Amino acid sequence: MAHLSEGTLRRLVDDPDALTGSDRRHYMDCAACQARNRGMADDAQAAATLLSAPELKLDVATAFKRVQTAPAAKPRFGFSLPILRPSTQPMFAFGAAAIVVALAITAFANILPLFQPKTVQPVPVTFADLQALEQLSAYGTLTWSTQPKPQIVLTAADAKAISGLDVPVVSKLPAGVSSTVTYAAMPGAVAVFTFDAKKAADAAAATGKSLPKLPSGMDGAKLTVTVGPAVVEVFGDMSAASGTDASSQNINLPQLIVAKSAVPMVTSTQVTAKQLEAYILSVPGLSPELAAAIRSIGDPATTLPIPVPVEYATSSKVSINGDPGVALGDNTGLGSGVIWIHKTNVFVVAGSLKQSAAVDIARNLK
Amino acid sequence: MGVNLAEASRHVVKSRDEAFEALFKSEYSRVAGIANRVLADPQEAEDVAQEVFISFHRLHSASAQFAPAWLHRAAAHTALNRVRGRKRRERRELAQAPEEGSRTVDPQRMLEVGEDRRMVRAALARLAPKPAAVLVLRASGLSYAEVAQAIGVGTGQIGTLLRRAEAALRKEVTRGTSI
Chain A
17 MAHLSEGTLR RLVDDPDALT GSDRRHYMDC AACQARNRGM ADDAQAAATL LSAPELKLDV
77 ATAFKRVQTA PAAKPRFGFS LPILRPSTQP MFAFGAAAIV VALAITAFAN ILPLFQPKTV
137 QPVPVTFADL QALEQLSAYG TLTWSTQPKP QIVLTAADAK AISGLDVPVV SKLPAGVSST
197 VTYAAMPGAV AVFTFDAKKA ADAAAATGKS LPKLPSGMDG AKLTVTVGPA VVEVFGDMSA
257 ASGTDASSQN INLPQLIVAK SAVPMVTSTQ VTAKQLEAYI LSVPGLSPEL AAAIRSIGDP
317 ATTLPIPVPV EYATSSKVSI NGDPGVALGD NTGLGSGVIW IHKTNVFVVA GSLKQSAAVD
377 IARNLK
Chain B
6 MGVNLAEASR HVVKSRDEAF EALFKSEYSR VAGIANRVLA DPQEAEDVAQ EVFISFHRLH
66 SASAQFAPAW LHRAAAHTAL NRVRGRKRRE RRELAQAPEE GSRTVDPQRM LEVGEDRRMV
126 RAALARLAPK PAAVLVLRAS GLSYAEVAQA IGVGTGQIGT LLRRAEAALR KEVTRGTSI
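Residue numbers (my numbering), protein chains in the order written: chain A, 17 to 382; chain B, 6 to 184.
Structure representation (structure tokens):
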């Protein structure tokens, strides 16, 4: 019989009863395995000693009060990946807006190109990077000329009536995902960003850094971003109470979200995509990592960058029926999603799924 | 056809807050313990634990099944990142400090437990993230199954990961003391 594996022997250190019958017989007769086990026990003991820590005296109630009174927890720059937060109902109510606004902010925040993207590209960022991007608001003002107005509806026909989009159909739901579906839909929304040289100069002076000179024509230039229309399908029985009490405290989370939105479109006056990209890359505070990522995106006129917070998610490129897409996985392995562009629409499939399951749903969407 | 969103939202927000409080009370000690295992500094460990809970609350629902696993993992990684940041800061400060600065350190202090702990934490921070997390989580009293859930691998892999991580830590500590 082959010697016992490293893992088996290590487990034996913690649990003397861990060996199965045949392994135990081997171990009893094998001096080599016993010697290896002793070496492992020594290392384990050494590690336990090395990692000893001072005693922790906790006051949980006080700690909870401190967390409660912490500054309002809000995503930096108003951005968060929908797939990373198993949505509760309030989130669900604004699900459509969350996705398209995230796309719009992405469009603004990362490159400010003039574009109608045809493909997607992950951009690894840290929250510090996103915080740095927040400074971009100091360069001008953002206003909605048409507010995003998401609505919750209960039929695909209603969702189509509001958004004007054909609602995607999931051909086969994975086991365990409820077939109960609710829809969020919104018509298109329009945001206008106006560059303001004075505001930008004031902001730079306040941080003690000099702002790069605005390219000619930048002052007063307007970028108009059109987002949506969009439709979001949320799978999961959101209204069912678990237990007998109808006001049960348990919240039913969506198991799967499928979203479709017209690609965000950006038009402008006075400036070009190249000027804008060069300008953003010269902004003080932009991390070298993010700058490199932005440069790596390629043609900014046709690529939609998707920020991926490096602490929480990993990304990889996938092909969805010939269209290049990005698969995102929460590092916990408990949530994943895929985003891709087909013709003039952005699609998102996300949920508490394995990445392979999300990609499979994406490929079989009708 | 719409639904009564305001009513539903109020109910859910209340439920959400209560669920978060319950999660906090059941997991705070363990999350702070994991951070303390890495940092060997109770006060900083509590800072990390609170930061982790705030991040979790922002991103996820407290009712999520994966909540404890997420918190354990985040505590380990956030604390390890702090140690790495601390090292960078110390290097920077050392590079900027006048020569006399280093001479004011009491040599006796180098022998104290605190210094040993710092050296061990520096070695821990040099390990790859996964082995470092496995070591810390296991040393914090998590079962093999809990460690596996936190780092997203099968329980059967923990023995091997742990063994290799312990050997790597020993090697790193030895390397650190021989420099």
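Glycine is no exception: its CB is placed at the ideal position from the N, C-alpha and C atoms. Keep in mind that this is a model prediction, so the values were computed, not measured.
Check: Beta carbon of A:Val206 nearer than 8 Å to that of A:Ser161; Outcome: yes
Check: Identified DSSP bridge partners for A:Val364; Outcome: A:Ala275, A:Ile355
Check: Proximal residues of chain B, C-beta to C-beta of A:Glu22 below 9 Å; Outcome: Gly164, Thr165, Arg168, Arg169
Check: Those residues which DSSP pairs with A:Val208 across a bridge; Outcome: A:Thr159, A:Thr240
Check: Within 8 Å, strictly: CB atoms of B:Arg42 and B:Ser145; Outcome: yes
Check: Meets three-Cβ-pair contact criterion under 8 Å: the segment 24 to 33 of chain B and the segment 366 to 377 of chain A; Outcome: no
Check: Integer Cβ distance of A:Leu242 from A:Gly204, believed to fall under 8 Å; Outcome: Just to set this straight, residue 242 of chain A is Thr in the shown sequence, not Leu. At roughly 6 Å, the Cβ-Cβ gap stays under 8 Å, so A:Thr242 and A:Gly204 are in contact.
Check: heavy atom of the ligand HEM below 7 Å from A:Lys176 C-beta; Outcome: As for the ligand HEM, it is missing from this structure, which has no ligand bound.
Check: Closest Cα partner of A:Thr65 within the set B:Ala45, B:Ile59, B:Ala50, B:Ala54; Outcome: B:Ala45
Check: Chain B contacts made by the segment 44 to 66 of chain A, where a contact means CB separation under 8 Å; Outcome: Met56, Asp59, Ala60, Ala62, Ala63, Ala64, Leu66
Check: Per DSSP, cross-strand counterpart(s) of A:Met281; Outcome: A:Thr242
Check: Contact residues within the segment 18 to 44 of chain B, judged by C-beta distance below 7 Å to chain A; Outcome: Val18, Ser20, Arg21, Glu23, Ala24, Glu26, Phe29, Lys30, Tyr33, Ser34, Ala37, Gly38, Asn41, Arg42
Check: Straight-line gap, A:His358 to A:Val183 (C-alpha atoms, nearest Å); Outcome: 14 Å
Check: Whether B:Arg175 touches A:Asp59 by CB criterion (8 Å); Outcome: yes
Check: Proximity below 8 Å, CB of B:Ala173 to CB of B:Pro136; Outcome: yes
Check: Nearest neighbour of A:Val208, chosen from A:Phe80, A:Thr283, A:Ile355 [CA to CA]; Outcome: A:Thr283
Check: Amino acids of chain A, ordered along the chain, whose beta-carbon sits closer than 7 Å to that of B:Glu51; Outcome: Ala79
Check: DSSP three-state assignment for A:Pro316, whether helix, strand or coil; Outcome: Because the pLDDT at A:Pro316 is just 49, under 50, the model does not fix this residue reliably, and the point stays unresolved.
Check: A:Glu249 - DSSP class collapsed to helix/strand/coil; Outcome: strand
Check: Secondary structure of A:Lys73, DSSP reduced to three states; Outcome: coil
Check: Cα-Cα separation between A:Asp45 and A:Gly55, rounded to whole angstroms; Outcome: 17 Å
Check: Assigned secondary structure, A:Ala172 (DSSP; H/G/I helix, E/B strand, else coil); Outcome: helix
Check: Partners in chain A for B:Gly161, counting only beta-carbon separations shorter than 8 Å; Outcome: Gly23
Check: For A:Asp339, three-class secondary structure by DSSP; Outcome: strand
Check: A:Gly37 to A:Tyr43 span [Cα, whole Å]; Outcome: 10 Å
Check: Contact with chain B by A:Ala86, beta-carbon distance below 8 Å; Outcome: yes
Check: 7 Å CB neighbourhood of A:Leu28 in its chain, flanking five on each side removed; Outcome: Ala34, Leu35, Asn53
Check: Helix, strand or coil at A:Val375 [DSSP, three-state]; Outcome: helix
Check: Spatial distance of A:Met234 from A:Met281 (CA atoms); Outcome: 19 Å
Check: B:Asn86 versus B:Asp52, B:Ala130, B:Leu142, B:Val152, residue with shortest Cα-Cα distance; Outcome: B:Ala130
Check: Boundaries of the beta strand (DSSP E) in which A:Val197 is found, first to last residue; Outcome: 197 to 202
Check: Partner residues on chain A for B:Pro47, Cβ-Cβ distance less than 9 Å; Outcome: Ala69, Pro70, Glu71, Leu72, Lys73, Leu74
Check: Of the listed residues B:Leu64, B:Ala74, B:Ala80, B:Ser66, nearest to B:Gln55 (C-alpha basis); Outcome: B:Ala80
Check: Closer than 8 Å at the beta carbon, the chain A residues around B:Arg123; Outcome: Simply none; closest approach about 12 Å.
Check: Closer than 8 Å at the beta carbon, the chain A residues around B:Ala172; Outcome: Asp59
Check: 7 Å CB neighbourhood of A:Thr285 in its chain, flanking five on each side removed; Outcome: Ala237, Lys238
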